[in-house]
Amino acid sequence: MPQTDSQSTPIEVGADPVERLLAELNPEQREAVTHGEGPLLVLAGAGSGKTRVLTHRIAWLLATGRAGPEQVLAITFTNKAAGEMRGRVEELLGGVARRMWVMTFHAACARILRRDAQLLGYSSNFTILDEADARRMVKRCLEAIGADPKRFHPRAVRAAISRAKNALLDAAAYGDGGGSPFEQVVGEAFRLYERRMRDANAMDFDDLLVRTVEVLRDEQAGARWRRRFGWLLVDEYQDTNHAQYELLRLLASEHGNLTVVGDDDQSVYGFRGADIRNILEFERDFPAAHTVKLERNYRSTQTVLSAAHAIVSRNQGRKEKRMWTEAGAGEPVRVIELADEHAEARQIAAEIERLVADEGVSRDQIAVFYRVNAQSRVLEDILVRDEVPYQVIGGTKFYERAEIKDAIAYLSLLANPADEIAFGRAVNSPKRGIGATSQARLASHANTTGATIWEVAERPEKVPGLGKAAVKAVGRFVETIAGLHERAASAPPLADLLEATLSETSYLDTLEAERTIEAQGRLENLHELVGVAREFDAERAIEGESELTPLEEFLQQVALYSEQDGLHDEGGMVTLMTLHNAKGLEYDAVFVIGCEEGLFPHARSLEEGNLEEERRLCYVGMTRARRLLQLTYARRRMLYGVGEASIPSRFLGELPDELVEREGGLATLGWGPGTGPSPGIAPAPGPHPSYATGEDVVHASFGEGVVTAVEPDGIVVVRFAADGSERKLMADFAPLRRRSA
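Okay, here's the thing in structure tokens:
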């Protein structure tokens, strides 16, 4: 299994317990562990043993008598991390560790509030609503104010309320800003939501933080908790949001004994509300702070570390660290150009088998990282075909994702309306008011009469106990599916049928209305499924006639993929995951795929000005590798059903030549090593080609177009006449020229 803390040398047994604690620490770790009173910032680079420092510092505080176990509050972000930390301290000190608070932010807040919630008008037995219950409460509030749930989706409104709370904005403060119609509806729903939550004596997870801050602002209660917790220790400090920062500031405001451990270069959760300024400005917020840098890496080769540093060091908002190791230089980083995403997947599958067969690398020590979930699909297809066992971490395999299974259920229903399983999945996805009770009555009537579920649904008014609203909803659903079934009978291209199905059933519209990152990911996966269908149509056109209709053949193909997904092997499974999920893990060999402009760094991040976070994400991915690191890009990639020529990621151009073994044509596209674009740094000598909005241009592949926008870093947006598409292009590298008069 991947490790989370590379330095794991056991403590030697000796006469002096304090010396035993310090014996295996390097000088910087020892400096951090033995820091006395006052604020401490530990900048812990990748693989530098930060967990070891945290646990040994807790043990040192207790072993030297500086703190009693009841005075220690150690904060982590996950229950798993809290359990691991508690276990390590117990190994060092024994059962005394059980008297400390070692837990997540939310768990600590809940315990504080059980004692002091009455100060805020709650009783101590308040209910904690999980995310699903909180969304249901938001939905009821939206219904109460008459908001259209199709325009103002409960998930999107709940996400907006959550962001406001994590910024310590209450409903009144949020509503003061006016804003768009969406923000106005959120403000009204927020006010009602807060009132109803108080009436119900309930809190959501965000409330646990916000209400604890309110308790700590109470003069007497705040003083009591500050006396109680004389020593605060926080892991992954770069991932804290504003509410968490304020909570810690209040607790440490008198004694100042706050130890925070983190790495600004690994701050990659801005989309969740994490504020990198908390760690970058720690020394400003706590002027007496002592800073220790942990720069010795116990995981990777020097080549991997130096290559990752070359990329992240271009960020302006960071604290300089230069990671070093005694592991030696190691092999160069491989940067490989491939023709398309299929060639990329084949190369990786072949390289995985070579590593296993020739170098003895276990499959469970091999990982493939990608920027967005939809990228895994082609790779999964190839791994299944080659019978390479794999697992998807932090998500599910492509054909097992809920939105993909929903889409396949619709197609199955078009192929076989009597399919009760497909009917049950599709009939209320998205929600149409045909809930579990109504579905049970439909199924029961089918069983009683011997009719198929579809035949029953065609006459819903005959179903005993089915309410008028459900009868209408079932009727509308049947009408939609019947129209699509009629279209499917003419055997149209599968991609066209799938697009029509997702559109006419309102599946895409419902996801778009959610306005959340999660919904955007599900949309991307569905567009990728449309891409799968287009590939299927193209292959079928080449292969010629078949006994099956396109729909039947595609469903059979998907079913076979799902069956092969059950393959397992004693040699372990290759791990696939997004770069965001890779944080904290490590592997012998790491592949990062899709290193192309617009994909990594992601176009959305470029549009929102988050290039530095994308660069940190690249640093995180690269530093997961112990020995072998490969970065790949495709000259052309089909993603979300659209095929486009690709430009290599600027990150590849930022890699020093002496650390890299390049295979392919990076240099022919205008990038020399180390010259990738960066804020204030041109991607190649000379200025960017100058284009103006409204200017007519010609692209070698896409034809004539007009420039609709000019963006920083030499990016131009062009709308092409042939298909009406609008594309972002790097002016330095795209085969683009002005159209002559």
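In the working numbering, the protein residues as written are 218 to 958. Glycine included, each C-beta is placed from N, C-alpha and C at the ideal position. Computed from a predicted model, the values in this text were never measured in an experiment.
field: Close-in-space but distant-in-sequence residues of the same chain around V927 (CB under 8 Å, 5 per side omitted)
entry: Numbered from 1 along the sequence shown, position 710 holds the residue referred to as residue 927. Cβ neighbours of V927 within its own chain (closer than 8 Å, five residues either side excluded): Y908, A909, T910, V933 and V934.
message: Spatial neighbours of H472 within its chain, please: C-beta separation below 6 Å, excluding the five flanking residues on both sides.
response: Taking the first residue of the sequence shown as position 1, residue 472 is located at position 255. The answer, listed in chain order, is G447.
message: For A706 and D416, what's the separation of their Cα atoms in angstroms?
response: Here residue 706 is taken as the residue at index 489 of the sequence shown, counted from 1. Here residue 416 is taken as the residue at index 199 of the sequence shown, counted from 1. Taking the straight line from one Cα to the other gives about 55 Å.
message: On the CB-based measure, 16 or more other CB atoms within 10 Å of its CB, does D333 come out buried or exposed?
response: Along the sequence shown, one-based indexing puts residue 333 at 116. D333 is buried by the Cβ-count criterion.
Nearest-angstrom Cα separation, counted from A632 out to L711: On the sequence shown, residue 711 is found 494 positions in, with the first residue counted as 1. On the sequence shown, residue 632 is found 415 positions in, with the first residue counted as 1. Each residue's Cα considered, the two are about 12 Å apart.
Nearest-angstrom Cβ-Cβ length linking R854 and D598, presumed shorter than 8 Å: Against the sequence shown, residue 854 aligns to sequence position 637. Against the sequence shown, residue 598 aligns to sequence position 381. The Cβ separation is near 15 Å, so there is no contact.
message: Tell me the rounded alpha-carbon separation between D424 and D754.
response: The residue you call residue 424 lines up with position 207 of the sequence shown. The residue you call residue 754 lines up with position 537 of the sequence shown. In a straight line, the C-alpha of D424 is about 51 Å away from that of D754.
- prompt: Quick one: complete beta strand (DSSP E) runs, 3+ long, within the region 488-539?
  reply: 507-511
- request: Take K267 and list the residues in its own chain whose beta-carbon comes closer than 6 Å to its own, dropping the five residues that flank it on each side.
  value: On the sequence shown, position 50 is the one that residue 267 refers to. Within the same chain, K267 has close Cβ partners A261 and V478.
field: Neighbour-count burial assignment, G439, 16 or more Cβ in a 10 Å radius
entry: Counted from its first residue, the sequence shown places residue 439 at position 222. Buried is the call here.
query: With DSSP run on the structure shown, which of helix, strand or coil describes Y339?
result: In the sequence shown, the residue the question calls residue 339 occupies position 122. DSSP places Y339 in coil when its eight states are reduced to three.
query: Exposed or buried, P902, counting other C-beta atoms within 10 Å across all chains shown (16 or more means buried)?
result: Taking the first residue of the sequence shown as position 1, residue 902 is located at position 685. With a pLDDT of only 34 at P902, under the threshold of 50, the placement of this residue in the model should not be trusted, and no figure is reported.
field: Top-ranked residue by Cα proximity to A325, from F407, K382, P234 and L433
entry: Within the sequence shown, residue 325 is the residue found at index 108, counting from 1. Its Cα nearest to that of A325, the residue L433 stands out among F407, K382, P234 and L433.
- request: Kindly give me the distance between the Cβ atoms of A525 and Y850, rounded to whole angstroms, as I take these residues to be in contact under 8 Å.
  value: One-based indexing of the sequence shown puts residue 525 at position 308. One-based indexing of the sequence shown puts residue 850 at position 633. So it is not a contact: roughly 17 Å between Cβ atoms.
field: Segment limits, beta strand (DSSP E) that includes Y607
entry: For the purposes of this step, residue 607 is taken as the residue at position 390 of the sequence shown. Where Y607 is concerned, the enclosing beta strand (DSSP E) stretches over Y607 to V609.
- prompt: So what does R854 bridge to, in DSSP terms?
  reply: For the purposes of this step, residue 854 is taken as residue 637 along the sequence shown, with counting starting at 1. Note: R854 sits in a beta bridge opposite E861.
- prompt: Are the Cβ atoms of F407 and A419 separated by less than 8 Å?
  reply: The sequence position of residue 407 within the sequence shown is 190, counting from 1. The sequence position of residue 419 within the sequence shown is 202, counting from 1. No. Outside cutoff.
- prompt: Around the C-beta of Q781, are 16 or more other C-beta atoms found within 10 angstroms, so that it is buried, or is it exposed?
  reply: Sequence index remark: in the sequence shown, residue 781 carries index 564 (1-based). Low local confidence applies: a pLDDT of 43 at Q781 is under 50, so the model's placement there is unreliable, and no value is given.
task: Would you decide whether D456 is buried or exposed? Buried here means 16 or more other CB atoms lie within 10 Å of its CB.
output: The residue given as residue 456 occupies position 239 in the sequence shown. Counting Cβ neighbours within 10 Å, D456 comes out buried, since at least 16 surround it.
message: Buried or exposed for P818, going by 16 or more other Cβ atoms inside 10 Å?
response: Residue numbering aside, residue 818 sits at position 601 when the sequence shown is read from its first letter. Buried, since its Cβ has 16 or more Cβ neighbours within 10 Å.
query: By DSSP, does E696 sit in helix, in strand, or in coil?
result: Locating residue 696 in the sequence shown gives position 479, counting from the first residue. The three-state secondary structure of E696, taken from DSSP, is helix.
message: Taking the beta strand (DSSP E) that G304 belongs to, which residues open and close that run?
response: In the sequence shown, residue 304 corresponds to position 87, counting from 1. Premise fails: G304 lies in the alpha helix (DSSP H), N296 to L310, not in any beta strand (DSSP E).
field: Beta-carbon spacing of Y724, A584 below 8 Å
entry: For this step, residue 724 is matched to residue 507 along the sequence shown. For this step, residue 584 is matched to residue 367 along the sequence shown. Not in contact: Y724 and A584 (Cβ atoms no closer than 8 Å).
query: According to the neighbour-count rule (16 or more other Cβ atoms, all chains shown, within 10 Å of its Cβ), is T795 buried or exposed?
result: To locate residue 795, count along the sequence shown from 1; it is residue 578. Buried, since its Cβ has 16 or more Cβ neighbours within 10 Å.
message: On a Cα-Cα basis, can you pick out the residue from A469, V521 and E241 that is closest to F808?
response: Within the sequence shown, numbered from 1, the residue matching residue 808 stands at position 591. Of A469, V521 and E241, the residue nearest in Cα terms is V521.
message: By the three-class DSSP mapping on this structure, what secondary structure does Y908 have?
response: Within the sequence shown, the letter at position 691 stands for residue 908. Y908 falls in the coil class under three-state DSSP.
query: Does DSSP put M414 in a helix, a strand or coil?
result: Here residue 414 is taken as the residue at index 197 of the sequence shown, counted from 1. Helix.
- prompt: For the beta strand (DSSP E) that contains I553, what are its first and last residues?
  reply: One-based indexing of the sequence shown puts residue 553 at position 336. That run of the beta strand (DSSP E) goes V550 to L555.
- request: Could you check what DSSP says for T613 in three-state terms: helix, strand or coil?
  value: To locate residue 613, count along the sequence shown from 1; it is residue 396. Assigned with DSSP and collapsed to three states, T613 falls in coil, not helix or strand.
message: Does F369 pass the burial test, meaning 16 or more other C-beta atoms within 10 Å, or should it be called exposed?
response: Numbered from 1 along the sequence shown, position 152 holds the residue referred to as residue 369. F369 should be labelled buried.
field: Inter-residue Cα distance where the pair is E360 and C812
entry: The count along the sequence shown starts at 1 and reaches residue 360 at position 143. The count along the sequence shown starts at 1 and reaches residue 812 at position 595. The straight-line gap from Cα to Cα measures roughly 45 Å.
task: Say whether the region 242-259 touches the region 487-506, bearing in mind that this needs 3 or more beta-carbon pairs closer than 8 Å, one atom from each stretch.
output: Contact between the region 242-259 and the region 487-506 is present, because at least three Cβ pairs lie under 8 Å.
query: Do the region 512-520 and the region 540-550 touch if we need at least three Cβ pairs shorter than 8 Å?
result: They touch, by the three-pair rule.
- prompt: Whose C-alpha, out of L846, Q401 and E831, is nearest the C-alpha of S866?
  reply: On the sequence shown, residue 866 is found 649 positions in, with the first residue counted as 1. Checked all of L846, Q401 and E831; the closest Cα to S866 is E831.
field: M839, enclosing alpha helix (DSSP H) - first and last residue
entry: The residue you call residue 839 lines up with position 622 of the sequence shown. M839 -> alpha helix (DSSP H) spans L828 to M839.
Straight-line gap, R649 to A643 (C-alpha atoms, nearest Å): Stepping through the sequence shown from its first residue, residue 649 is reached at position 432. Stepping through the sequence shown from its first residue, residue 643 is reached at position 426. Their backbone Cα atoms lie some 10 Å apart in a straight line.
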